[in-house]
Structure formats: C-alpha cells, structure tokens
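Right, one structure below, let's go through it.
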Amino acid sequence: MRKEKRIREIAIFSIILALVISLIIILFFVSPQEIVSMLGVSNAFAFTFLTSFFAGFSAWTSFSFVAVLITFTLGGLNFFYLGLISGAGLIIGDFLMFFLSSKARNIASSSSEKWEKRLRKLTKIFQGKPRKLIPFLTFVYMGLTPFPNDLLIIFLALIKMPIKKLYIPIILGDLTYPLMITFLTAKGVILFT
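Structure (structure tokens):
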C-alpha cells in the first residue's frame, strides 16, 4: 500500500515538474504578448479565472497561478481586471475548500473516535484570545504571503472557525494577493514566489 502511494506521489511530482519545465521552455521561445494574442483577451481572462479557482486546491497549483498572472500581465492584459478576476476565482475556490473540509471533518469525527479526540484537542488549543486574532492572521497569510491557501483553509475548517468571521479576511486576502502581483509586474517588479 505504501509503495503504491509513493509511486503515485512520484508520478504526480514528475508530471508537475514536466509541466513547469515545458512552460519555461515555451516562455523562452514565445513571448507573453504572443501567448495572449494566441489565446485572445477573453480566453486569457477565463483561463486566469480557472487557474485561480484550482490554485486553492493544491500547493502545487498555486505556483502555476502566479506564473499565469505574471505572463498575462506582461502580455499586455489590464493588471487591475486580471487581479480582480483572479481574486474572484481564488475566493470561490477557497470557500468551496472550506465547505468540503468542514464536511470531511464531520465525516472523520463521526466515523472514528480516535479522529474525534484529535480534532477536539486541536480545537481546544485555539479557544480563547488567540482565536480572536485568527481573522487578522488569515488576511495577512492569504493577502501578503506566497504560501498556498489550502493548508490554512483546511486548518480553519478543522478547528471549526465560524465562516461568518472569515468572509471579510478571505475575500480581502484573495483580492489583495493577485492585485499585488499584477500591479508589481505591471510596474516592472517581477515577484518570484
């Protein structure tokens, strides 16, 4: 069983590595402007939305999302619209991830007493004063760092953080980060994350 899992992990890593190397080779021979003209403006925005939506589901896809933003901004797309559309994809993806993680927590805790104990212990750690800082820290993490959102979203769902307290930090964080990347790229500061 472990050997199969290890083989699957190596295969996934190899595929992602091959895609990244392919993208680097393509970008070496094809300029960002040519990519945007091949896709067309409306298709580039749709591609950005989908890439952003799926960026929240895995740590691996978050890096491709940044590459897409930089490429399309350098290709001449409006950085503000690109950041807003990308932010909308991130917001929807993150809320879907929170919902699915909450459901998975309920299933795991109801199926196993061992999991229920672990989840209860984790939740107790974040009761009280530190819990009031979580919305602010959520914004800082999502809006100002290049780290993938999925780990934080899953963690917040596991500790039963109320979604009502997370609406504003998630929305602001998911809008701030892509707007920051596209703005800095448009102004000539390429942010490698």
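Anchor point for the sequence shown: position 153 equals 148 in this note's numbering, and the numbering is continuous, going up by one each time.
For every residue, glycine included, the Cβ atom is placed at its ideal position computed from N, Cα and C.
Option nearest residue i by Cα separation, candidates the options
i, options, result
"P157", "L69, F93, I16 and G71", "F93"
"T171", "L91, A13 and L85", "L85"
"K159", "V135, R100, F23 and K127", "K127"
"T140", "M175, E29 and K155", "M175"
"I65", "Y76, K109, P27 and A152", "P27"
"L45", "G71, L95, L79 and P125", "L79"
"A50", "E29, L161 and M137", "M137"
"S97", "L72, T180, E4 and L151", "L151"
"I129", "K(-2), F178, V61 and L161", "L161"
"F178", "I20, F58, L77 and R1", "L77"
"F90", "F75, K116 and I148", "I148"
"G71", "M33, F58, S59 and A13", "M33"
"N73", "F60, R1, E108 and S37", "S37"
Beta-carbon spacing of residue i, residue j below 8 Å
i, j, result
"V31", "A39", "yes"
"D169", "G82", "yes"
"P173", "S47", "yes"
"T180", "T68", "yes"
"R100", "L153", "yes"
"T206", "I166", "Past the boundaries of the shown model lies residue 206; the chain is included only from -4 to 188, so the question cannot be answered."
Proximal residues to residue i (C-beta, below 6 Å), its chain only, five neighbours per side dropped
i, result
"I163", "none"
Contacting residues, own chain, Cβ-Cβ under 7 Å from residue i (five flanking each side not counted)
i, result
"I87", "F48"
Cut-off 8 Å between Cβ atoms - residues of its own chain near residue i, not counting five sequence neighbours on either side
i, result
"A13", "none"
Taking only runs that begin and end inside the region 40 to 101, name each unbroken alpha helix (DSSP H) of 4 or more residues, in chain order. Counting only runs that start and end inside the region 40 to 101, the alpha helix (DSSP H) elements of at least 4 residues fall at 54 to 69.
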